[in-house]
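Sequential numbering of the sequence shown, starting at 2, is according to our numbering.
For each residue, glycine too, the CB sits at the ideal point set by N, CA and C.
These figures come from a predicted structure and were not determined experimentally.
Down below is the structure, laid out as structure tokens.
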Amino acid sequence: LRWGMTLVLSQTIVVPSIFICILSVFVEQSRESELRATLEAKASKELETSVEAVLATICDAVVLLSSSFRLLRPSPHLAGMLLGSSSSAVFMTDGNFIDLLVESDRDSFLQFMGDPSIHANMLHAHMRDANSSAVHFYHTKYLDLEGQSVHIIGVREDSEENRPQPPPQELQSSLSRQVVDEVWDRAHESRASSNNNNRSTASSISGSSDPMPLVEGDHAMSRCVWVDASSIDLMMVKCTPEFSAWSGPSGLNVGLLNWVAPVDQSNFYEFFHKALNHYVKCAQDGSESVGPGSIVLKLKPPHWGRSIETEAEIAEFCAGRSNSNSNDNNINEGRTEDSLSEPRILGCVSFKNIRKTRTTQKSSKSSSRLAAAAKRTMARPSPSAVASSSAGSAAPGKLQL
């Protein structure tokens with residue numbers, strides 16, 4: 002009986018104690034898991050805030066998208082960038098971000114978002130607004146507490162400085178075969194009676210990456226480069242040593258138009274062809290050609306790393322061949338080895354530095370100030386003169402006494 006009572010008592014005490022211990026372990030593990038989840042959520046929120054802050058410094062708008070590419074919160078900055086109302090449904094929470102893209106870029110955007118890479122990447126696309134604005138998308142993603150993908154998209158508008166503008170389509174760069182042949186014949190006849198220095202104006206065109214040949218003669222001390230007038234990008238053919246030293250070495254297959262700042266490309270392209278059309282007209286009429294003057298533009302050769310404002314003018318137009326396989330003996334005989342190659346019209350573009358008038362004005366102002374100060378100094382009596390005059394006036398007083 003005693004042992005039976007002891008067994009019953011032990012069961013009454015031990016079994017609940019074991020249950021309480023097991024329950025305490027589960028509660029502790031649950032609290033630990035909850036605390037870990039809270040800390041992870043806090044760290045994830047801080048990471049999200051940090052990424053958004055970094056993107057906001059370089060982007061015009063930052064949006065959060067769900068795995069189905071719907072906005073997780075409103076984006077008034079995106080609405081302002083696209084000149085849309087911030088109360089529009091597409092900019093509010095749960096709005097479809099794909100509806101903001103032009104149809105031609107939606108497939109590339111879906112492929113871009115489906116990239117399994119965890120590293121940030123970039124996409125160039127166009128968004129729907131009045132001008133179909135070109136933008137850059139910066140994308141990264143992470144998993145939320147439910148294991149769903151959350152996309153962070155930074156949107157930055159693509160400015161004209163970062164995206165080259167093609168030449169306007171209404172300006173035709175191709176010349177008729179009849180005009181080219183007429184100009185070539187005139188230049189070839191005049192070259193036969195000219196000296197060796199004038200022969201240097203007839204050049205050639207090459208599509209290779211060889212360095213541009215240097216030109217000696219009348220233009221050797223000028224910053225001149227000859228370009229193919231029939232090419233869209235005004236491909237450079239030859240240049241003077243002064244131009245090569247000024248802009249750095251360049252190949253024959255490089256277009257001069259690519260060196261011009263995008264904001265000035267259309268104006269320079271139109272300026273060049275205006276001079277070309279005037280030259281062709283004068284060549285056909287036999288009248289004297291007068292250039293259209295000069296144009297101020299920003300030039301950025303690849304060796305500079307920066308753009309500089311310069312003044313460009315069309316020095317002359319001449320005729321050339323498409324290859325440079327000629328030698329001095331054949332030139333002296335009035336023939337070239339590439340006489341069967343296609344003739345081209347070449348334009349000589351000369352570059353000059355912008356004259357600074359502000360320095361001249363400052364120097365003239367300073368010189369006028371110095372002249373005025375000199376006049377005042379001359380008009381003012383010196384201290385010695387004042388002393389002598391005062392002494393002279395005091396002396397007669399003493400004599401009278």
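- Task: My understanding is that I355 touches F318, with C-beta atoms under 8 Å, so please give their C-beta distance in whole angstroms.
- Result: Not confirmed; about 25 Å, so no contact.
- Extent of the continuous beta strand (DSSP E) to which D229 belongs: 224 to 229
- Do three or more CB pairs link the stretch 65 to 72 to the stretch 145 to 156 at distances below 8 Å? yes
- Looking at the structure shown, is K275 part of a helix, part of a strand, or coil, going by DSSP? helix
- Can you tell which of E47, S251, A230 has the C-alpha that lies nearest to the C-alpha of V281? A230
- Provide the residue(s) that pair with N268 in DSSP beta bridges, ordered along the chain. Paired residues: none, contrary to the question.
- Going by the beta-carbon positions, is the gap between C349 and A316 smaller than 9 Å? yes
- Message: Considering only the alpha carbon of each residue, which of L111, F244, F138, A276 lies closest to M123?
- Response: F138
- With burial defined as no fewer than 16 other Cβ atoms inside 10 Å of the residue's Cβ, what is the status of Q266: buried or exposed? buried
- Query: What's the gap between the Cα of I14 and the Cα of E47?
  - Reply: 49 Å
- Nearest neighbour of W305, chosen from V264, P250, V255, S295 [CA to CA]: P250
- Message: I'd like to check one pair, P293 with F272: are the Cβ atoms closer than 9 Å?
- Response: yes
- Cβ separation of G256 and D286, assumed to be a contact under 8 Å, to the nearest whole Å: About 31 Å separates the two Cβ atoms, so there is no contact after all.
- Inter-residue CB distance, F352 and T311 (contact presumed, cutoff 8 Å): 5 Å
- Query: In this structure, does DSSP put G287 in helix, strand or coil?
  - Reply: coil
- Message: So, with DSSP's three-state summary, where would you put S68?
- Response: coil
- Item | Beta bridge counterpart(s) of F138 as assigned by DSSP | L124, V156
- Item | Close Cβ partners of F110 (< 8 Å) along its chain, the five nearest in sequence each way excluded | I99, L102, L124, A126, F138
- S345, DSSP secondary structure in three states: This sequence places Arg at residue 345; Ser is not what is there. In the structure shown, R345 sits in a strand (DSSP, three-state: E or B).
- Query: If we count the other Cβ atoms within 10 Å of its Cβ and call it buried at 16 or more, is G115 buried or exposed?
  - Reply: exposed
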